[in-house]
Each structure stands twice: as C-alpha cells, then as structure tokens.
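Trainee: According to our numbering, the sequence shown is numbered sequentially starting from 17. Pasting a structure here, questions to come.
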Amino acid sequence: MAFRRTVSGAVSAAALLAMASGSAATVADTSQPSPRPYVSFSTVEHLNVGSVEKRVDANWNLLGIEPNDPPQTDETLVIDARDLAGVADVTVDDPRCEAAGRVFTCVSKAALRGGSVEFSVRADAGAAPGADGTLTYTVSAGHAKGATARTKVIAGLPNLIVGKLPDVTHAKVGSRIEVPLRIGNIGDLATDGPLMLRWASVGGLGFDHKFSNCVYGEGDGPGVGGEPSGQTSVDCVVTTPVAAGATMELSSPLTATVGTHVLHDVTTYSAAPLEPGEDADGGAERGTGPALTLVPASGGPEGGSEGRFTVTADNSADLAAKAKPVSGTGEWTLDIEAVDHGPASVYNVGAKAAAVVDVVLPKGTVATGNVFAESEDGFHGECRLWAGPTSTAAFQAGHRHYVCFVPFRIVAGRSQSFVLRGKTTKGYDGAKGTVTVRPGPAGLRLHDPDPSNDSATFAFGR
C-alpha cells in the first residue's frame, strides 16, 4: 500500500521519547574551543548484531579550515575490532583499507577534508546472546587534532512481531472503533531502548489524538467536508522494554472514527526498535492526553514484523461515467471522467485499482494516443489495451477497446480524468461509442446506488 506523508513542523522522536519517559527533551551543548583545524567524527554508538551482516558507516569531516590553509592529503581512519573477539566479526571491503588481524587502517590520499568508510558487522558464530565488546575508531589528518569514537557491539537481537488484528466488517458510518496491538519478542535479547510503533491508514479513518507521545499525520489526499484526509497515520515512541519471549500490549487501544466518506480502509501497523537518528515522520500534531505505554499480556501473538487489517463500512459510492468528444479534421480528443457522487470516497488497495473505465470507441475510429501522468499529483489516469474480460496490455494505437485505471483515488464529489486521442476513417458514419465505469481488480464492493449513470455514449462530429 503506497503511503505518502506530508509533514509541516516535524516532531522529533526525541521529543516523543521525552513525553513517554516523563522528562523534558534536552540537547547537550558539547561546544568547546578546538585547535584549528580539527576532525569531527560520527557513527552509531550502539549496535546489536545477529547472523546477518549489518552495514555501518564511519564518517568524518575536517573542520575549522581557513581558505588559505593547505589541503590535507593524509587522512587516516583506524578501525580497531580486537575487543570484539568471540563477539562479532568485522569485514571491511573498502580498497583504501588494509587489515592487520582485527585492525583496519584506511588511508585517503585525496584532499577531501572528510570522508566515509562503510563496513559490515555480524555476530560471531559462537557468541553467547548478550556478549559485548567495543569497536574503537581513530581518525587523524596531518596537523589537525584527531578524533576517537567507540561503538558498543552486542551479540544477539530483539525480534519484534505484531499480532494479527481481525478485519472490521459492516462498520457503521460515524461509529468509533478500537485498534489494539499486541507485540511479542521472539528474539534472544530484550529491547533496551525506545520502540517506534506505526500505523498508516488509507481509506479515511480518523484517529483520535489522545496520546502525548504520539504524532498524528495526514497524507496528500484531500479531505472532504472537514473530515481527515484519505491517508492518515500515527507514530508513537514508547520506552517500555520487551523481554525476550515476552508479549506486551498497548496500555490503551487507539481509537478511530469511521467517517462519512469511508467505504473500505486498509491500515498497516508495525513495531520496531527506534533506529539512531530516526524521527516520527507521520505528522506534526502531537496528542494531548497521557503517554501510551506497553503492559504485559498473556500468550504470544501470531504474526510478522508488520500487520494489516481492513475496515469495511456500510456505505456506498455512486460512480458515474462521462465522455466529452472534441472533433477536428479527421482527428479527435476524447475527455473521459469517472465521477464519484458519494457519499463514500474510493481508494486503491495496494497496487490494485478500485475502479476502471471501460472504453469502446465507435466503428470507424481508432485511438492514436493516451495522455496520462504517472504520479499521484497527475491529473490524467492511464488507459491500457483491452486484452480480454480479465486482462489488459500496454497501450497500443490502432484499436477501439481500452480500459482506463483509476490510479489512486476518487474522492466523493470529485472525479478522475482520462484522455484518449484518435482519428476517424472516411467510412465513419456517426456511430456511437460507450464509456462505462466498473469495479476494478481490487474487487471492492462499491454498492453503487444508481447504475443508470455508470455508462455514457458519445459520437464524433464529421
């Protein structure tokens, strides 16, 4: 399911973490006088590793350089992994680096005034879960003041899964539903840092903004009548640890309203350790209630790293077809519209279109081109060649039967446009063609209350 986030005034994960832990967010001021020039170095401070390699970036910059200073040509990074014996193995593939046992020396001859080395780390085959060691980095650059940094490496990983949630059917418009969540740790170590819980919804559910350590966002899709956008999200940072083998659940479930324009909503959800530098990018509006936490739950969830559930409302979407031919001398343009008279809006499910328009051109005419834009911001959808009752092919000129796909959504009260270009033959006698809007391959039931406007006829002037 595609989901695009729109953020204004982003809320950082650090701010949410402070709310979850009950303390104010602070940023340490580490500025101090430094000799000129000096090296600034950055990498991860904490790294859990398993049997699959993890890629790590070691980055440095040479700062405090004046314009007239000579370039540095001997920047050197030393990665010392001796303390990881029996804990983890380090592999450095960079051609600038040479290995001497567990010590890797990387020399940059170019005058870059900074650089980066990528390497991989994975747990030693015989390492006990929880065994740890320290990677030490040393950077030097000529007469500049060097830098030293360290990464604590721990063998073993927490492995979070989320439980399956049942689909909601026949939801009443205007009702409120609860969205619980169960989280299990099937890894060999407990989580030892904050977790990011995420929900992304397409279809119009409006989540209540009730947790102070969560941010609530809306995507690019337009809302209708003051209701939320068709795309909504929730990002929460929680600090409750999850022990290996334990199952936890939300201290209080999310709640969401089934809006007037909801027909079929799909919500994905996940839980994962908060990665270094990761922010809550689901929106900028923070909740106003107490902080969301995790509490122990019995049993174990059956699921994977990500879950998904649907909400189907007792609602309907009155789709209608329109066609406007514009004729020229032997050539024509056909403007087609799939209009949603509501009350529900229609959204795609995953990569499958929820609605299509079947176009049959009049005898004596053929299409020569299709104008469409391949983006959610584009105005015209794509038309493909009809290849059978259940199949299509890429657009080809010279045919009369095409199928146009609604690429993203039709919001109640709005439409999706398509444009075909074509030509008439000398034998064209004014015959009519048809455009018909139908449910798409997503298989959604639109409960269309007025089938009479599903089709429209058209003809081209001579």
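Every residue gets a Cβ at the ideal spot worked out from N, C-alpha and C, and that includes glycine. All values reported here derive from a predicted model rather than from experimental measurement.
From the DSSP output, in three-state form, read off residue 433 for me.
Mentor: strand
Trainee: Spatial neighbours of residue 473 within its chain, please: C-beta separation below 6 Å, excluding the five flanking residues on both sides.
Mentor: 448, 450
Trainee: Closest to residue 248 by C-alpha separation, out of 254, 258, 235, would be which residue?
Mentor: 235
Trainee: Counting Cβ pairs closer than 8 Å, one from the stretch 322 to 330 and one from the stretch 301 to 308, do we hit at least three?
Mentor: When C-beta atoms of the stretch 322 to 330 are compared with those of the stretch 301 to 308, fewer than three pairs fall below 8 Å, so the two segments do not count as touching.
Trainee: Hey, how far is the Cα of residue 434 from the Cα of residue 469?
Mentor: Approximately 18 Å, taken between the alpha carbons.
Trainee: Say yes only if the C-beta of residue 165 is nearer than 7 Å to one or more non-hydrogen atoms of the ligand GTP, and no if none qualify.
Mentor: In the structure on display, the ligand GTP does not appear, and there are no ligands present to speak of.
Trainee: Does the stretch 116 to 125 come into contact with the stretch 49 to 65, if we say contact requires no fewer than three beta-carbon pairs (one atom in each stretch) closer than 8 Å?
Mentor: no
Trainee: Just checking, does the stretch 186 to 198 make contact with the stretch 76 to 87 on the three C-beta pairs under 8 Å criterion?
Mentor: no
Trainee: Please report the straight-line C-alpha distance between residue 136 and residue 69, rounded to a whole angstrom.
Mentor: 6 Å
Trainee: Between which two residues does the beta strand (DSSP E) containing residue 311 stretch?
Mentor: 310 to 312
Trainee: Nearest CA to the CA of residue 440: which residue from 432, 378, 410?
Mentor: Among 432, 378, 410, the Cα nearest to that of residue 440 is on 378.
Trainee: Do residue 457 and residue 368 have their CB atoms nearer than 8 Å?
Mentor: yes
Trainee: Between residue 74 and residue 274, what straight-line distance do the alpha-carbon atoms span, to the nearest angstrom?
Mentor: Between the C-alpha atoms of residue 74 and residue 274 there is a straight-line separation of about 47 Å.
Trainee: So, is residue 356 buried or exposed, given that buried needs 16 or more other C-beta atoms within 10 angstroms?
Mentor: Result: buried.
Trainee: Confirm, please, whether the CB-CB distance from residue 373 to residue 352 is below 8 Å.
Mentor: Yes, they are a contact pair.
Trainee: Is it right to say residue 198 is buried, meaning 16 or more other beta carbons lie within 10 angstroms of its own, or is it exposed?
Mentor: buried
Trainee: Within a Cβ cutoff of 8 Å, which residues of the same chain sit near residue 12, ignoring the five residues on either side of it in sequence?
Mentor: There is simply no residue 12 to check, as the chain begins at 17 and stops at 478 in what is shown.
Trainee: Helix, strand or coil, according to DSSP, for residue 269 in the structure here?
Mentor: coil
Trainee: In three-state DSSP terms, what is residue 90?
Mentor: coil
Trainee: Count the other C-beta atoms from every protein chain shown that fall within 10 angstroms of the C-beta of residue 412, then say buried if there are 16 or more, exposed otherwise.
Mentor: exposed
Trainee: According to DSSP, is residue 22 helix, strand or coil?
Mentor: In this predicted model, residue 22 has a pLDDT of only 37, less than 50, meaning its place in the structure is not dependable; the value taken from the coordinates is given anyway. Note: residue 22 maps to strand in three-state DSSP.
Trainee: In this structure, how does DSSP classify residue 455 when only helix, strand and coil are distinguished?
Mentor: strand
Trainee: Within a Cβ cutoff of 6 Å, which residues of the same chain sit near residue 154, ignoring the five residues on either side of it in sequence?
Mentor: Only residues of its own chain outside the window of five on either side were considered, and among them 94, 164 have a CB closer than 6 Å to the CB of residue 154, listed in chain order.
Trainee: Counting pairs of Cβ atoms below 8 Å between the stretch 248 to 262 and the stretch 201 to 216, do you hit three or more?
Mentor: yes
Trainee: Which residue comes first and which comes last in the beta strand (DSSP E) that contains residue 77?
Mentor: DSSP places residue 77 inside the beta strand (DSSP E), whose first and last residues are 70 to 79.
Trainee: Roughly how many whole angstroms lie between the Cα atoms of residue 49 and residue 79?
Mentor: With a pLDDT of 48 at residue 49, under the threshold of 50, the modelled position of that residue is not reliable, and the figure given next carries that caveat. Using only the alpha carbons, I get a separation of about 12 Å.
Trainee: For residue 118, list the residues DSSP reports as bridge partners.
Mentor: For residue 118, DSSP assigns no beta-bridge partner whatsoever.
Trainee: Write down the C-beta distance between residue 361 and residue 313 rounded to the nearest angstrom, noting that I regard them as a contact closer than 8 Å.
Mentor: Not quite, the Cβ-Cβ distance comes to about 35 Å (not below 8 Å), so this is no contact.
Trainee: Under three-state DSSP, which class holds residue 112?
Mentor: It is coil, neither helix nor strand.
Trainee: Decide if residue 446 is buried, meaning its Cβ has at least 16 other Cβ atoms within 10 Å, or exposed.
Mentor: exposed
Trainee: Near residue 58, which residues of its chain fall below 6 Å by C-beta distance, leaving aside the five closest residues on each side in sequence?
Mentor: Around residue 58: 75.
Trainee: Along the beta strand (DSSP E) that carries residue 400, what are the first and last residues, could you check?
Mentor: From DSSP, the beta strand (DSSP E) with residue 400 extends over 398 to 404.
Trainee: Would residue 250 be called buried (16 or more neighbouring beta carbons within 10 Å of its own) or exposed?
Mentor: buried
Trainee: Using only the alpha-carbon positions, how far apart do residue 384 and residue 459 sit?
Mentor: 30 Å
Trainee: According to DSSP, is residue 52 part of a helix, a strand, or is it coil?
Mentor: Of the three classes helix, strand and coil, the one that applies to residue 52 here is coil, per DSSP.
Trainee: Helix, strand or coil for residue 335 per DSSP?
Mentor: strand
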